[in-house]
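When you line the sequence shown up against the working numbering, it's residues 103 to 315, in that order.
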Amino acid sequence: MKVYMIRHGATKGNKEHRYVGVTDEPLLQESKQLLEKKQMPPVARVYASPRKRCLETAAILYPGCRPIIKESLAECDFGEFEYCNYEELNGNPYYQEFIDSMGRSGFPQGEDRDSFQKRVVKVFSEIIEEEKQYQNEDIAFVVHGGTIMAVLDFYYGIYGRQAENCCQDDHGREMNGGAEFYKWQVKNGEGYMFYVIWEKERDGFLLENLRSC
């Protein structure tokens with residue numbers, strides 16, 4: 103089964119390098135125009151976060167496929183950091199702790215990374231298990247950058263795959279090679295394609311042949 107995981111198009115908050123989690127803002131018009139130029143292969147089903155930016159992206163990329171909405175595919179709750187950017191948070195002791203911990207300290211009044219990842223991986227694995235009945239029909243996820251990172255960090259981290267480090271995160275800060283979670287970050291409107299390989303002896307599945315799309 104071939105799976106596409108696409109990050110939604112850009113919003114005002116993305117353009118301003120803000121932490122956009124629970125904020126439900128629409129796509130920028132310029133982003134819609136870019137998405138309309140993107141040609142995606144047809145899929146049998148599309149799964150999406152309930153956020154407006156994901157649903158608008160799905161409607162553009164897969165106009166003939168009504169998305170199946172899954173609440174647990176939503177972006178991380180950034181708590182007190184929600185809709186702030188680096189300039190606004192610089193000097194905040196909680197933000198400094200967050201940076202020093204490579205994001206593991208969590209967001210004040212929001213989610214921590216481990217809880218977020220468990221939430222996302224749970225719904226992703228449930229969807230893949232449900233899809234097994236359809237005999238390898240291709241599917242797509244239209245979700246958030248954090249959602250994609252959570253899935254790929256979990257599965258590729260377990261099985262020891264490698265990826266190139268990205269140089270900078272969405273908020274303008276340099277990320278070093280120890281920030282494994284951020285290896286999987288993609289730009290708005292971009293994502294990954296991979297194959298789901300079923301393993302009978304493990305009663306589970308692997309993700310293989312990952313590439314950008």
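The beta carbon of each residue, even a glycine, is placed where N, CA and C say it ideally should be. Just so we're clear, the structure is a prediction, and the values are computed from it rather than from any experiment.
Exercise. What does a CB cutoff of less than 8 Å around I170 pick up in its chain, not counting 5 residues either side in sequence?
Worked result: Here residue 170 corresponds to residue number 68 of the sequence shown, with the count starting at 1. Counting only Cβ-Cβ distances below 8 Å, and skipping sequence neighbours, we find R147, V148, Y149 and A150.
For this session: Select from A160, E182, M295 and S217 the residue whose C-alpha is nearest the C-alpha of H110.
Result: Numbered from 1 along the sequence shown, position 8 holds the residue referred to as residue 110. Out of A160, E182, M295 and S217, A160 has the C-alpha closest to the C-alpha of H110.
For this session: Compare the beta carbon distance of F243 and Q219 with 8 Å and say whether it is the shorter of the two.
Result: As a first step, residue 243 must be located in the sequence shown, where it is residue number 141. As a first step, residue 219 must be located in the sequence shown, where it is residue number 117. No, Cβ-Cβ distance for F243 and Q219 is not below 8 Å.
For this session: Look at S174 and R221 and say whether their C-beta atoms are less than 8 Å apart.
Result: Stepping through the sequence shown from its first residue, residue 174 is reached at position 72. Stepping through the sequence shown from its first residue, residue 221 is reached at position 119. Closer than 8 Å, so yes.
For this session: Kindly give me the distance between the Cβ atoms of K140 and L163, rounded to whole angstroms, as I take these residues to be in contact under 8 Å.
Result: Counting from 1 along the sequence shown, the entry for residue 140 is found at position 38. Counting from 1 along the sequence shown, the entry for residue 163 is found at position 61. That belief holds up - the Cβ atoms of K140 and L163 are roughly 6 Å apart, short of 8 Å.
Problem set entry | Contiguous beta strand (DSSP E) assignments of at least 3 residues, all confined to the stretch 106-167 | 147-150
Exercise. Cβ atoms of G123 and F180: under 8 Å apart, would you say?
Worked result: Position 78 of the sequence shown, counted from the start, is the residue given in the question as residue 180. Position 21 of the sequence shown, counted from the start, is the residue given in the question as residue 123. Yes, Cβ-Cβ distance for F180 and G123 is below 8 Å.
For this session: Starting from the Cα of E292, find the closest Cα among D126, E231 and S133 and give me that residue.
Result: Reading the sequence shown from its first residue, position 190 is the one you call residue 292. Closest by alpha carbon: S133.
For this session: Give every residue of the same chain whose Cβ lies closer than 6 Å to the Cβ of R263, excluding the five residues on either side of it in the sequence, and list them in chain order.
Result: Sequence index remark: in the sequence shown, residue 263 carries index 161 (1-based). Here the model assigns R263 a pLDDT of 44, short of 50, so the residue's position is not dependable, and the following value carries that caveat. Within the same chain, R263 has no close Cβ partners at all.
Exercise. For F307, which residues of its own chain have a beta-carbon under 7 Å away from its beta-carbon, when the five flanking residues on both sides are left out?
Worked result: Here residue 307 refers to the residue found at position 205 when the sequence shown is read from its first residue. So the qualifying residues of the chain are I230, V298, I299, W300 and E301.
Exercise. Which two residues bound the contiguous beta strand (DSSP E) that contains F226?
Worked result: What you label residue 226 is simply residue 124 of the sequence shown in a count that begins at 1. Per DSSP, F226 belongs to no beta strand (DSSP E); it is in the alpha helix (DSSP H), R215 to E233.
Exercise. Between the C-alpha atoms of L130 and A112, what's the straight-line distance to the nearest angstrom?
Worked result: Position 28 of the sequence shown, counted from the start, is the residue given in the question as residue 130. Position 10 of the sequence shown, counted from the start, is the residue given in the question as residue 112. For the pair L130 and A112, the Cα-to-Cα distance works out to about 6 Å.
For this session: Identify the continuous beta strand (DSSP E) that holds L309 and give its terminal residues.
Result: Along the sequence shown, read from residue 1 onward, the residue named residue 309 stands at position 207. Residues G306 to S314.
Exercise. Among R153, Q135, Y236 and N116, which one has its Cα closest to the Cα of A64?
Worked result: Residue 64 lies beyond the range of the chain shown here (103 to 315); nothing can be said about it.
Problem set entry | Close Cβ partners of Y226 (< 7 Å) along its chain, the five nearest in sequence each way excluded | Here residue 226 corresponds to residue number 124 of the sequence shown, with the count starting at 1. The amino acid at residue 226 is misidentified as Tyr; the sequence shows Phe. Here the set comprises V253.
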